[in-house]
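A.B. asks: Residue numbering for the sequence shown follows the numbering used here, starting at 55 and increasing by one per position. Take a look at this one; I'll ask things after.
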Amino acid sequence: MKSIALISPPAFGLKDKLAYPPLGLLYLASNMGGEYRLKIFNMLSLEDRIEGGFDIYGISIHSSSSYGPAKRISGIIRQENPSSLIVAGGAFPTSMAAYTLENTDVDVVVIGEGEVVFSHIAGGRALEEMNGIVYKKDGRIIVNEPEPLIADLDSIKFPARHLLPKEMIRHEGRVHHSDQAATTIFGTRGCVYRCAFCDTSLWRRKWRSRSPENIIAEINEVKRDYGIGWFRFPDDCLDLDRKWFIDFCRSIKQCAVQWTMLSRADRLDGEILGLAKEAGCREIFFGFETGSQRLLDRMDKKITVEQNIRAVELCRAAGIISCAYMLFAFPGEDAATIEETKRFLLAAKPDKSRISQFIPVPGSDVWLHPEKYGVRIKFNFDEHWYFDDPDFAVAYDYIGNDTMAVLRKTIMDFYREQGYCIEWEQPK
């Protein structure tokens with residue numbers, strides 16, 4: 055029987071990895087078909103031991119924060135298992151396939167959605183006959199045609215949560231903004247927007263949804279097996295389709311659970327929020343990013359400061375907690391934009407706000423065209439790469455990094471005064 059190990063490496067900057075079960079790998083595990091000896095390693099540190107002797111090792115690299123650990127893991131696997139096939143997938147290798155193959159011991163990179171492609175790899179299909187992969191052959195990098203996105207998300211089996219210990223599914227902390235046991239669940243895939251700081255190569259800027267009935271079946275299964283009544287939807291924009299979201303709210307209301315989601319200000323109105331509140335929605339996270347309209351336009355957010363303020367007001371009226379995610383030091387940030395962000399937060403008065411520092415994401419427009427934004431990218435993926443570093447991941451040629459450091463202190467002082475959370479410090 056073929057043996058397969060699926061590995062979720064530790065990630066720099068992720069303060070509580072147990073809060074986020076590796077759903078991508080759990081989806082792969084449940085949708086491979088066939089009979090395999092299968093084990094999942096959800097690594098909390100690089101000291102965790104990975105067993106040898108597997109035919110295939112699949113490593114999830116969700117972002118640059120997990121690339122360095124994944125590289126070290128692939129080297130150890132290759133040394134101890136020279137004949138094993140090492141496969142990498144996730145958002146980072148999808149955008150950085152050649153880089154991943156040239157700088158790690160990975161043999162094959164899965165591009166984009168993984169369920170179909172990895173099932174082919176597990177089943178032994180010849181690499182030359184597969185879509186959706188990039189691989190090494192005779193010293194060359196071969197890029198195959200992409201695999202079509204899965205049209206019917208209901209056809210995908212639920213994540214194989216049973217392959218992990220219960221404590222890696224049922225989270226008891228407050229990361230999900232609850233003092234109740236909580237976990238994550240996806241209802242949709244993809245995003246149609248083109249924000250300059252984001253890369254959506256994984257889903258190719260397409261949005262797809264599961265049926266509400268399919269989502270409810272999974273929720274009920276998790277409630278039964280893990281006693282969880284609080285769910286976090288980390289989807290890029292759960293409510294992108296108004297009609298679908300209304301149907302979803304009416305369906306999930308019957309589950310008697312509480313949940314949180316990400317949204318955009320231009321997707322919401324009083325009716326939608328009223329339905330969501332009745333259905334158990336307790337908190338909405340918004341990527342407001344900045345209080346500067348100039349920066350919002352530079353980010354290509356397709357939103358206005360006024361819409362963002364209105365979204366907070368609508369949440370307040372509906373009795374739903376609002377959390378404003380803000381982004382410091384996006385190229386173009388200066389003293390004026392910092393003051394605009396402060397004024398925005400004072401005017402909107404979101405219940406919570408969390409600010410993070412800009413890091414260029416591979417595949418994003420800033421990454422691909424840094425000169426357009428007046429910056430130069432400086433990186434070393436093998437190390438922590440600025441996730442816990444006081445330095446910046448780019449050189450701000452238009453203003454200077456010393457000036458940007460002064461602006462960082464300004465916004466940090468403001469956040470402390472307001473009782474908000476600074477992501478590069480310990481959360482409150």
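Even glycine gets a Cβ: it sits at the ideal position worked out from N, Cα and C.
1. If distances are taken between C-alpha atoms only, which option among Trp421, Leu399 and Glu167 comes closest to Ile85?
2. Would you check if the distance between the CB atom of Ala236 and the CB atom of Trp284 is smaller than 8 Å?
3. Give the single residue among Lys69, Leu256, Val415 and Arg103 whose Cα lies nearest to the Cα of Ala59.
4. Could you give the DSSP three-state label for Val276: helix, strand or coil?
5. Would Ser410 and Asp253 be called neighbours here (beta carbons separated by less than 8 Å)?
6. By DSSP's criteria, Cys377 is part of a beta bridge. Which residues make up the other side?
7. Would you call the region 64-72 and the region 95-112 in contact, with 3 or more CB pairs under 8 Å?
8. Using the three-state DSSP reduction, which class does Ser317 fall into: helix, strand or coil?
9. Whose C-alpha, out of His116, Pro76, Val160 and Asp109, is nearest the C-alpha of Ile127?
10. By the 10 Å Cβ neighbour count, where 16 or more other Cβ atoms means buried, how is Ala124 classified, buried or exposed?
11. Quick one: give me the first and last residue of the beta strand (DSSP E) that Phe285 is part of.
12. Can you give the Cα-Cα distance for Phe339 and Leu350, rounded to whole angstroms?
13. Just grab the DSSP bridge partners of Tyr469 for me.
14. Check the C-beta distance from Ile363 over to Cys309 and give it rounded, since I have them as a contact under 8 Å.
15. So, helix, strand or coil for Cys485, using DSSP?
16. Since Tyr81 and Ser57 are thought to touch, with beta carbons under 8 Å apart, how far apart are those beta carbons, to the nearest angstrom?
17. So what does DSSP say about Phe398, is it helix, strand or coil?
18. Per DSSP, Phe66 is paired with what?
19. Using 8 Å as the cut-off, can you tell me whether the region 323-331 makes contact with the region 289-300, which would need three or more C-beta pairs spanning the two stretches below that distance?
20. Is the region 417-436 touching the region 387-406, taking contact as three or more C-beta pairs under 8 Å?
21. Figure out for me which residue from Arg278, Gly341, Ser114 and Leu155 has the closest Cα to the Cα of Arg321.
22. Could you tell me if Lys355 is buried or exposed, where buried requires 16 or more neighbouring beta carbons within 10 angstroms of its beta carbon?
23. Measure from the alpha carbon of Gly473 to the alpha carbon of each residue in Pro200, Tyr450, Lys211 and Arg408, then state which is nearest.
24. What does the Cβ neighbour count give for Ala180, buried or exposed, with the cut at 16 atoms within 10 Å?
25. Return the first residue and the last residue of the beta strand (DSSP E) that Ser506 is part of.
26. State yes or no: is the C-beta of Lys277 nearer than 7 Å to some heavy atom of the ligand ADP?
27. Give the single residue among Pro64, Phe240 and Tyr247 whose Cα lies nearest to the Cα of Glu272.
28. Taking the alpha carbon of Val246 as the point to measure from, which residue in Asn135, Ser317, Phe412 and Ala389 has its own alpha carbon closest?
29. Thinking C-beta only, is Asp451 closer than 8 Å to Val429?
30. Do you know whose CA, among Pro200, Arg243 and Leu92, lies nearest Arg264's CA?
31. In this structure, what does DSSP give as the bridge partners for Val460?
32. Who are the Cβ neighbours of Asp442 in its own chain at under 8 Å, not counting the five residues just before and after it?
33. Skipping 5 residues on each side, what residues in its chain have a beta carbon closer than 6 Å to that of Gly386?
C.D. replies: To lay it out plainly:
1. The sequence as given places Asn at residue 85; Ile does not occur at that position. Measuring C-alpha to C-alpha distances from Asn85 to each of Trp421, Leu399 and Glu167 identifies Glu167 as the nearest.
2. Cβ atoms of Ala236 and Trp284: closer than 8 Å.
3. Looking at the Cα atoms, Arg103 is the closest of the given residues.
4. It is helical.
5. Not closer than 8 Å, so no.
6. Note: Cys377 is bridge-paired with Phe339 and Lys406 in the DSSP secondary-structure output.
7. Verdict: yes, contact present.
8. Reduced to three states, the DSSP call for Ser317 is strand.
9. When each option's Cα is compared against that of Ile127, the closest is Val160.
10. Of the residues assessed, Ala124 falls on the buried side of the cut-off, its CB having 16 or more other CB atoms within 10 angstroms.
11. Phe285 -> beta strand (DSSP E) spans Trp284 to Phe287.
12. Their Cα atoms are separated by approximately 17 Å.
13. According to DSSP, Tyr469 bridges with nothing at all.
14. Not really, about 32 Å apart at Cβ, beyond 8 Å.
15. The displayed coordinates of the chain run from 55 to 482. Any statement about residue 485 would go beyond what the structure contains.
16. About 19 Å separates the beta carbon of Tyr81 from that of Ser57, a gap too long to meet the 8 Å contact definition.
17. Helix at Phe398.
18. Paired residue(s): none; Phe66 is not in a bridge.
19. In short, these stretches touch, since the Cβ pair count reaches three.
20. Touching, no.
21. Its Cα nearest to that of Arg321, the residue Gly341 stands out among Arg278, Gly341, Ser114 and Leu155.
22. Taking every protein chain shown into account, the CB of Lys355 has 16 or more other CB atoms within 10 angstroms, so this residue is buried.
23. Ranking the options by Cα distance to Gly473, first place goes to Arg408.
24. Classification for Ala180: exposed.
25. The question about residue 506 has no answer, for the chain in this structure spans 55 to 482.
26. You won't find the ligand ADP in this model; it holds no ligand whatsoever.
27. Minimum Cα-Cα distance from Glu272 among the listed residues Pro64, Phe240 and Tyr247 corresponds to Phe240.
28. The alpha carbon of Val246 has as its nearest neighbour, out of Asn135, Ser317, Phe412 and Ala389, the alpha carbon of Ser317.
29. In terms of Cβ geometry, Val429 and Asp451 form a close pair [threshold 8 Å].
30. Of all alpha-carbon atoms in Pro200, Arg243 and Leu92, the one lying nearest the alpha-carbon of Arg264 is that of Arg243.
31. Note: Val460 sits in no beta bridge, so no partner.
32. Residue placement at Asp442 cannot be trusted, given a pLDDT of 48 that sits under 50; the coordinates are not used to answer.
33. These residues qualify, in order along the chain: Leu349 and Arg352.
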